[in-house]
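What follows is one structure encoded as structure tokens, with my remarks underneath.
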Amino acid sequence: MILKQVSVFVENRRGRLAEVTGILAESNINIRALSIAETTSYGLLRIIVDCPLEAERILREHGIAASMTNVLAVNVPDVPGGLHKLLKTLSEHNLSIEYMYHAFVSQKDNNACMILRVDDEEKALSVLTENGYTGPSFIN
Numbered sequence: 269m270i271l272k273q274v275s276v277f278v279e280n281r282r283g284r285l286a287e288v289t290g291i292l293a294e295s296n297i298n299i300r301a302l303s304i305a306e307t308t309s310y311g312l313l314r315i316i317v318d319c320p321l322e323a324e325r326i327l328r329e330h331g332i333a334a335s336m337t338n339v340l341a342v343n344v345p346d347v348p349g350g351l352h353k354l355l356k357t358l359s360e361h362n363l364s365i366e367y368m369y370h371a372f373v374s375q376k377d378n379n380a381c382m383i384l385r386v387d388d389e390e391k392a393l394s395v396l397t398e399n400g401y402t403g404p405s406f407i408n
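Heads up: the sequence shown is residues 269 to 408, going by our numbering.
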């Protein structure tokens with residue numbers, strides 16, 4: 269459930285995001301999940317890719333600021349209250365979420381995949397595993 273996320277600082281100008289995704293596409297790197305937050309001058313692109321070390325290296329070679337962070341990928345039942353149960357479990361164990369975003373919904377097993385950055389990933393992984401949470405198949 270712990271995986272590497274690549275964070276990319278992207279200037280907030282036309283075409284810059286396409287430039288970043290083009291570099292990854294040309295390098296045959298598959299984006300599996302993403303989130304983007306913006307300010308007036310830049311965006312913070314957070315991506316889950318199939319080759320995070322290579323993605324970070326290639327982006328840096330192209331002069332793009334990129335870094336890696338550990339995050340958790342967690343399957344959450346795609347039902348009303350599914351996310352609440354996950355968040356309540358973490359809260360009850362005094363774990364804080366720094367940020368979170370949605371990756372996909374699997375129709376096959378009726379799960380949503382959430383990407384979480386928490387204040388204590390090892391403790392969170394232990395708590396989630398003890399409570400029956402699993403990671404998505406794309407990280408195996």
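Heads up, the beta-carbon is just placed ideally off N, CA and C, and yes, glycines get one too.
Where the alpha helix (DSSP H) containing PRO320 begins and where it ends: Start at 1 with the first residue of the sequence shown, and residue 320 comes out as number 52. Segment 320-329, the alpha helix (DSSP H) holding PRO320.
Beta-carbon proximity list for MET336, same chain, < 8 Å, skipping 5 on both sides: Here residue 336 refers to the residue found at position 68 when the sequence shown is read from its first residue. Here MET336 has LYS272, GLN273, VAL274, SER275, PRO320, LEU321 and GLU324 as same chain residues with Cβ atoms under 8 Å from its own Cβ, once five neighbours each way along the sequence are excluded.
Option nearest SER374 by Cα separation, candidates LEU313, ILE365, SER405 and ARG385: On the sequence shown, residue 374 is found 106 positions in, with the first residue counted as 1. Considering only alpha carbons, the answer is SER405.
Residue of ARG314, VAL339, ARG284 and LEU285 minimising C-alpha distance to ILE365: On the sequence shown, residue 365 is found 97 positions in, with the first residue counted as 1. VAL339 is the residue among ARG314, VAL339, ARG284 and LEU285 whose C-alpha sits nearest the C-alpha of ILE365.
Buried versus exposed call for VAL344 [16 or more other C-beta atoms within 10 Å across all chains shown]: As a position in the sequence shown, residue 344 is number 76, starting the count at 1. When all chains shown are included, VAL344 counts as buried.
Cutoff 7 Å; reference ASP346; Cβ partners in own chain excluding five residues on either side: In the sequence shown, counting from the first residue as 1, residue 346 sits at position 78. Excluding positions up to five away in sequence, the list reads VAL373, ASN378, ASN379 and ALA380.
Cβ-based burial, ALA341 [other Cβ within 10 Å; buried from 16]: The residue given as residue 341 occupies position 73 in the sequence shown. It is buried - the Cβ of ALA341 has at least 16 other Cβ atoms within 10 Å.
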